[in-house]
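Chain order of the listed sequences is A and B.
Positions 831 to 1054 (this note's numbering) are the ones given, in order, by the first sequence.
Positions 831 to 1054 (this note's numbering) are the ones given, in order, by the second sequence.
2 protein chains.
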Amino acid sequence: MDGIIPNISIDCVIFGFDSELKVLLVKHADGIGKGEWALPGGWVNFDESLDSSASNILFLLTGLNNIYLEQLKAFGTVERYPDQRVVTIAYYSLIRSDKIALIPGFTASDVSWVSITNVDQLLYDHNEILQFGLKTLQKKVKQEPIGFNLLPPQFTLLQLQQIYEAVLQIELDKPNFRRKLLKTGLLKKIDSKQYNVPHRAANLYEFNRSVYLKYKEQKFVLDF
Amino acid sequence: MDGIIPNISIDCVIFGFDSELKVLLVKHADGIGKGEWALPGGWVNFDESLDSSASNILFLLTGLNNIYLEQLKAFGTVERYPDQRVVTIAYYSLIRSDKIALIPGFTASDVSWVSITNVDQLLYDHNEILQFGLKTLQKKVKQEPIGFNLLPPQFTLLQLQQIYEAVLQIELDKPNFRRKLLKTGLLKKIDSKQYNVPHRAANLYEFNRSVYLKYKEQKFVLDF
DNA sequence: AAGTGTTATTGTCAAAATGACTATAAGCTT
DNA sequence: AAGCTTATAGTCATTTTGACAATAACACTT
């Protein structure tokens, strides 16, 4: 069997972090929503799983490759899409938004990171999907360690703290954050510091990969 | 537009509690899996939302009505269903399994509660869906209050504790459980006790509805 | 070279929460 | 009345928390 399944689509909520929280949007090159901004999305092929459809669609539209996507939710009200009945399976992810090349392709004439506080009207029910994604992300970061793919291999505690602050949109106490995170054993202090910063240089840390993976499975609660 | 969408189905993971944790299964009356046990499931109509399809399918197959269903996940590997490409949207719920009449109907020749520790081979990928549902439920009960629909209006602290023990499959310390739950303000002690029990009668409690609803939205962490 | 602004890091302290128990109370049963 | 059984109150040492204070260290300015 070949071709696309006519009633199932994928949409991706890609959160980006680089000091503030952003989301990746594409401008439609043609079709129903020509010229409008939306989450990157597309159709599922008969011979392709949902997970791999999501990866491929994201790549084709934005150039992003090798992104770990997690399923968010299926959105399936009758009127969410014009003309046709379409159930969409939404995926989400959180990645670094700097230093990543975006290449609009396929049905996307433009791709762009937009600050989460700055998102206008999107196509279809995409604003709703985005909001749901943000809520889910906020819950997620309290249950699972984050940061592995969001930070350079060596980073400061402040950088890590800023991710939590951006995602949760709250402020955290620095000494307390430090104490809490260090207690998890997730971080390995390395013998090297920042340099050329106009203030006391912070120590650099690495993630302890095995602890990180353990916490992806087992209990991990950060109660901010 | 009329009829069913050929590539989208619904499956329901209905957990039941009555002293142990169970799951609701149906025996297929005909079709591909005739005679085999599976999660209650069916097709989505073109003119029906996913949520309402789920409710209707559950009702038609099992007689269960007015069950609050939450979406679990979409399962969409290519080979999960024989002959045809079918993506299924799974829903789940936790209800009391006693005192509820089950009425097999439609394509179900039988319906039954099966202890969670006792589930055999199910059709398609339904064992996988069930396991995912259990994990999700276990996370959920630590993040949101449960019990409103699982207990009679007035209940003892032990009854509530037993729900947590059944779902999480762990043992909890009675005095500490009491202390933790009472501190939430979720429970209202009422002026009435058990009677006719062969031991000291326990005080009865009610849920404080407004606190309960507040915690459905806001932060609620039970860290067992 | 001293002073300034900025962030890092250590530490303090009282309050709250936790986990593991002990002890007593109060129902029915025999 | 004795004996089960579960309820309920309370103890206590330990851990965790939240809110700060205080000092350290870096580059830049003067």
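Using N, Cα and C, we set each Cβ at its ideal position, and we do this for glycine too.
Please confirm whether residue i and residue j have their CB atoms less than 8 Å apart.
| i | j | result |
| --- | --- | --- |
| ASN837 of chain B | VAL917 of chain B | yes |
| ILE840 of chain B | ILE919 of chain B | yes |
| ASP1053 of chain B | VAL944 of chain A | no |
| SER879 of chain B | LEU899 of chain B | no |
| ALA868 of chain A | LEU953 of chain A | yes |
| ASP928 of chain B | ASP848 of chain B | yes |
| TYR921 of chain B | THR966 of chain B | no |
| ARG915 of chain A | PHE876 of chain B | yes |
| LYS1019 of chain A | TYR994 of chain A | no |
| ASP955 of chain B | PHE889 of chain B | no |
| PRO870 of chain A | ILE887 of chain A | yes |
| LYS1013 of chain B | ILE946 of chain B | no |
I think residue i touches residue j, with their Cβ atoms under 8 Å apart; what is that distance to the nearest whole Å?
| i | j | result |
| --- | --- | --- |
| ALA938 of chain B | VAL997 of chain B | About 26 Å separates the two Cβ atoms, so there is no contact after all. |
| GLN992 of chain A | SER1022 of chain A | With 8 Å as the limit, GLN992 of chain A and SER1022 of chain A do not qualify as a contact, their Cβ atoms being about 20 Å apart. |
| LEU891 of chain A | GLY935 of chain A | 6 Å |
| ILE930 of chain B | TRP873 of chain B | No, ILE930 of chain B and TRP873 of chain B are not in contact; Cβ-Cβ is about 25 Å, not under 8 Å. |
Give every residue of the same chain whose Cβ lies closer than 8 Å to the Cβ of residue i, excluding the five residues on either side of it in the sequence, and list them in chain order.
| i | result |
| --- | --- |
| GLY861 of chain B | THR937 |
| GLY833 of chain A | ASN875, PHE876 |
| LYS1046 of chain A | GLU974, PRO975 |
| ASN957 of chain A | VAL949, GLN951 |
| LYS1010 of chain B | LEU1052 |
Would DSSP call residue i helix, strand or coil?
| i | result |
| --- | --- |
| LEU869 of chain A | coil |
| THR937 of chain B | coil |
| ASN837 of chain A | strand |
| THR907 of chain B | coil |
| LYS1023 of chain B | strand |
| PHE845 of chain B | strand |
| HIS1029 of chain A | coil |
| GLN901 of chain A | strand |
| ARG1009 of chain A | helix |
| LYS929 of chain A | coil |
| TYR921 of chain A | strand |
| ASN954 of chain A | Reading off the sequence shown, one finds Tyr at residue 954 of chain A, where the question assumed Asn. Coil, per DSSP. |
| GLU995 of chain A | helix |
| LEU880 of chain B | helix |
| ASN979 of chain A | coil |
| LEU890 of chain B | helix |
| LEU988 of chain A | helix |
| GLU1036 of chain A | strand |
| VAL853 of chain A | strand |
| LYS1018 of chain B | strand |
| ASN948 of chain B | helix |
| VAL1041 of chain A | helix |
Given residue i, which residues of its chain have a CB within under 7 Å of its CB, disregarding the five upstream and five downstream residues?
| i | result |
| --- | --- |
| GLY865 of chain A | LYS857, HIS858 |
| LEU981 of chain B | GLN989, LEU990 |
| ALA1031 of chain B | LYS1023, GLN1024, TYR1025 |
| SER942 of chain B | LEU855 |
Using only alpha-carbon positions, find the residue among the options that is nearest to residue i.
| i | options | result |
| --- | --- | --- |
| GLN901 of chain A | B:PHE962, B:TYR1025, B:TYR1042 | B:PHE962 |
| TYR1042 of chain A | A:GLU974, A:ASP1021, A:TYR1035 | A:GLU974 |
| GLN1048 of chain A | B:LYS969, B:PRO870, B:GLU1047, B:GLN999 | B:LYS969 |
| ASN948 of chain A | A:ILE834, A:LEU854, A:ILE835, A:CYS842 | A:LEU854 |
| CYS842 of chain A | A:GLY833, A:PHE876, A:ILE897, A:ASP848 | A:ILE897 |
| GLU1001 of chain B | B:GLU850, B:PHE845, B:PHE905 | B:GLU850 |
| LYS1044 of chain B | B:TYR1035, B:TYR1025, B:GLY1015, B:ASP881 | B:GLY1015 |
| ILE933 of chain B | B:LYS1004, B:LYS1010, B:ALA1031, B:ASN895 | B:ASN895 |
| SER1040 of chain A | A:LEU1017, A:ASN1033, A:ARG1030 | A:LEU1017 |
| GLY893 of chain B | B:ASP881, B:LYS903, B:ILE844, B:LYS852 | B:ILE844 |
| GLY846 of chain B | B:PRO1005, B:LYS1010, B:ASP1003, B:LEU964 | B:LEU964 |
Got a sec? Which residues, its chain only, sit under 6 Å from residue i by beta carbon, not counting five neighbours each side?
| i | result |
| --- | --- |
| LEU987 of chain B | ARG1008 |
| PHE1037 of chain B | PHE978 |
| VAL971 of chain B | VAL997 |
| LYS1004 of chain B | none |
Would the C-beta of residue i count as close to the ligand NAP, meaning under 7 Å from any of its heavy atoms?
| i | result |
| --- | --- |
| ILE993 of chain B | The model depicted lacks the ligand NAP and carries no ligand whatsoever. |
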